[in-house]
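J.: Please find one structure pasted underneath; my questions will follow.
Protein chains: 2
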Amino acid sequence: MKIQEVSKKFELTADTLRYYERIGLLPHIGRNESGIREYSEEDCAAIDFIKCMRSAGVSIESLLEYVTLFKEGDKTRAARKAILMEEREKLQDKMEIMEATMDRLNWKIENYYKWVDDNGAELKKQHNCAELEAAARQEQKRAAGPKKRAPKKTTSSK
Amino acid sequence: MKIQEVSKKFELTADTLRYYERIGLLPHIGRNESGIREYSEEDCAAIDFIKCMRSAGVSIESLLEYVTLFKEGDKTRAARKAILMEEREKLQDKMEIMEATMDRLNWKIENYYKWVDDNGAELKKQHNCAELEAAARQEQKRAAGPKKRAPKKTTSSK
DNA sequence: AGTTGACTTAGAGTGGACTCCAGTTGCTAC
DNA sequence: GTAGCAACTGGAGTCCACTCTAAGTCAACT
């Protein structure tokens with residue numbers, strides 16, 4: 017398979033594929049007589065694995081460690097397994113954090129924002145959510161108060 | 017609360033807190049007579065919310081959108097709700113991806129790496145995992161084979 | 001023979017999210 | 001009163017993971 021096909025198949029740009037190869041995340045891909053990459057089934061399997069891990073947030077660094085061990089052969093199996101287990105732990109932790117955030121988001125949507133109608137006007141006032149609302153109210157007070165209105169430099173240099 | 021306390025409480029560096037304020041993610045924090053930040057309860061609630069969202073991977077851009085609407089008052093409730101719902105969607109999607117990755121990792125650990133003993137030697141050979149193994153084997157063949165390494169630039173002019 | 005378009009390379013540039021730095025001010029302790 | 005330390009400011013630097021550019025090669029088509 018040529019780079020464009022692989023790119024489509026895995027939804028990774030050709031640049032990204034070349035980048036992965038360059039940093040050693042993918043093995044050196046074979047070239048044909050005119051120097052064009054020809055991805056084998058095995059290369060694709062590797063890409064599939066890497067893509068899966070990356071999309072879950074596994075760092076390139078960890079993946080590199082893993083594939084580096086791979087190249088060293090069977091004697092590194094235990095170390096490789098350890099890496100996978102470590103990454104599994106990390107993923108597990110992240111998922112727990114995300115679940116907590118989901119709960120919070122759900123609470124906010126279902127409780128705090130429940131009285132919002134379709135066309136964007138609010139139907140009732142609410143008064144039991146601290147978080148940003150209170151801070152925002154305070155901010156409004158501050159802004160309305162003394163001239164103290166710091167220049168609002170948004171989004172650094174552009 | 018002074019910045020150092022807040023920093024400890026939420027495990028965010030003072031730099032990060034100042035950064036968040038600078039870009040408008042946090043409201044302008046009140047200062048005492050000598051210009052030192054004094055974080056209110058409301059500020060802390062906002063920080064707590066932001067930290068929670070950030071640690072789940074919600075982008076600063078989205079959070080900024082949200083707090084910007086907040087400053088515009090009640091008429092933006094519907095829009096704010098929409099943002100939260102969108103972020104909930106994104107989180108949900110991410111979690112699904114992560115779950116799939118977890119499954120894959122679990123499979124690999126439990127099947128592919130099951131015959132690794134404590135001290136790092138492998139006990140048995142395995143032969144039914146494509147992925148990187150095959151690619152690695154291929155790579156080893158390539159390395160052992162022809163000269164490989166040299167780029168074939170014949171007429172090179174830099 | 002010339003043009004198109006996919007490919008090649010090394011290397012530079014980008015965007016997001018911090019993180020650090022230099023210089024200054026202000027509080028507390030000795 | 002001066003040393004030490006925490007805080008302040010604007011701006012520069014860093015890290016990660018790409019992403020883009022320039023200059024070139026090659027096969028196919030007109």
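Line by line, the protein sequences are chains P and A.
Under my numbering, the first residue of the first sequence is numbered 17, with each subsequent residue one higher.
Under my numbering, the first residue of the second sequence is numbered 17, with each subsequent residue one higher.
The C-beta atom is built at its ideal place from N, Cα and C for all residues, glycine as well.
#1: Counting pairs of beta carbons, one from the region 18-30 of chain P and one from the region 49-56 of chain P, are three or more of them closer than 8 Å?
#2: Per DSSP, which residues does Arg70/A bridge with? Please list them.
#3: Check the Cβ of Glu81/A against every Cβ in chain P and list those closer than 7 Å, keeping chain order.
#4: Show which residues of chain A have a CB atom less than 8 Å away from the CB atom of Tyr129/P.
#5: Considering only their Cβ atoms, is the gap separating Ile66/A from Leu85/A smaller than 8 Å?
#6: Leaving aside the five residues before and after Phe26/A along the sequence, list all residues of the same chain whose C-beta is less than 6 Å from its C-beta, in chain order.
#7: With distances taken from CA atoms, which of Lys24/P, Ile39/P, Asp109/P and His44/P is nearest Glu58/P?
#8: Closer than 8 Å, CB to CB, is Ser23/A near chain P or not?
#9: Could you work out which residues of chain P lie near Leu107/A, taking near to mean beta carbons separated by less than 8 Å?
#10: Drop a sphere of 10 angstroms on the beta-carbon of Ala72/P, count the other beta-carbons inside from all chains shown, and report buried for 16 or more, exposed for fewer.
#11: Would Lys110/A pass as a contact of Met114/P if the rule is Cβ separation under 8 Å?
#12: On the CB-based measure, 16 or more other CB atoms within 10 Å of its CB, does Glu37/A come out buried or exposed?
#13: Determine, for Ser71/A, whether the minimum Cβ-Cβ distance to residues of chain P falls below 8 Å.
#14: Examine chain A for any beta-carbon lying closer than 8 Å to the beta-carbon of Ile19/P, and answer yes or no.
#15: Rounded to the nearest angstrom, what separates Val22/P and Lys97/A at their Cα positions?
#16: What is the C-beta distance between Arg105/P and Val74/P, in whole angstroms, given that I count them as a contact (C-beta under 8 Å)?
#17: Taking all protein chains shown into account, do 16 or more other C-beta atoms lie within 10 angstroms of the C-beta of Ala24/A, making it buried, or fewer, making it exposed?
#18: For Leu41/A and Val83/A, which I take to be in contact (beta-carbon distance under 8 Å), what is that distance rounded to the nearest angstrom?
#19: Note down, in chain order, each residue of its chain lying with its Cβ closer than 7 Å to the Cβ of Ala95/A, except the 5 sequence neighbours on either side.
#20: Is any beta-carbon of chain A found at less than 8 Å from that of Lys124/P?
#21: Assuming the contact rule is C-beta atoms closer than 8 Å, Leu100/P and Leu121/A should be a hit. Round their C-beta distance to whole Å, please.
#22: Applying a beta-carbon distance threshold of less than 8 Å, which residues of chain P neighbour Glu103/A?
#23: Quick check: the Cα distance between Tyr35/P and Asn48/P, rounded to an integer number of angstroms?
#24: Whole angstroms are fine: how far does the CA of Thr117/A sit from the CA of Arg70/P?
#25: Which residues in chain P sit within 7 Å of Lys67/A, going by Cβ to Cβ distance?
#26: Judging by CA-CA distance, which residue of Glu112/A, Asp119/A, Asp31/A and Glu126/A is the nearest neighbour of Arg93/P?
#27: Under the rule that 16 or more other beta-carbon atoms within 10 Å means buried, what is Lys91/A, buried or exposed?
#28: When the Cα atoms are used, what is the spatial distance from Ile76/P to Ile39/P?
#29: Excluding the 5 residues flanking Leu107/P on each side, which residues of the same chain have their C-beta closer than 8 Å to its C-beta?
#30: Determine whether the Cβ of Gly136/P lies closer than 8 Å to any Cβ atom of chain A.
#31: Where do the N-terminal and C-terminal ends of the alpha helix (DSSP H) with Arg34/P fall, by residue?
T.: According to the data block:
#1: yes
#2: Answer is none; Arg70/A lacks a bridge partner.
#3: Near Glu81/A there are no residues of chain P at all, since even the closest Cβ is about 11 Å away, more than 7 Å.
#4: The contacting residues are Arg93, Arg96, Lys97 and Leu100.
#5: For Leu85/A and Ile66/A, no; Cβs fall outside 8 Å.
#6: Within the same chain, Cβ atoms closer than 6 Å to the Cβ of Phe26/A are found at Ile63 and Lys67, the five residues on either side in sequence being excluded.
#7: Answer by Cα proximity: His44/P.
#8: no
#9: Met114, Thr117, Met118 and Leu121
#10: buried
#11: yes
#12: That one is buried.
#13: yes
#14: no
#15: 39 Å
#16: Inspection of the sequence shows that residue 105/P is occupied by Glu rather than by Arg. The Cβ separation is near 12 Å, so there is no contact.
#17: Before going on, a small fix: residue 24/A reads as Lys here, not Ala. Under this definition Lys24/A is an exposed residue.
#18: Confirmed, about 6 Å.
#19: Apart from the 5 residues on each side of it in sequence, Ala95/A sits with its Cβ closer than 7 Å to the Cβ of Leu85 in its chain, given in chain order.
#20: Using beta-carbon distances, Lys124/P counts as an interface residue toward chain A, with a partner under 8 Å.
#21: 6 Å
#22: Leu121
#23: 19 Å
#24: 9 Å
#25: Under the 7 Å cutoff, chain P gives no residues; its nearest Cβ is about 10 Å from Lys67/A.
#26: Glu126/A
#27: exposed
#28: Roughly 9 Å between the two C-alpha positions.
#29: Ala72, Gly73 and Val74
#30: Legend: pLDDT at Gly136/P = 44, less than 50; position of this residue unreliable, value from coordinates given subsequently. So, interface residue.
#31: Ala30 to Arg38
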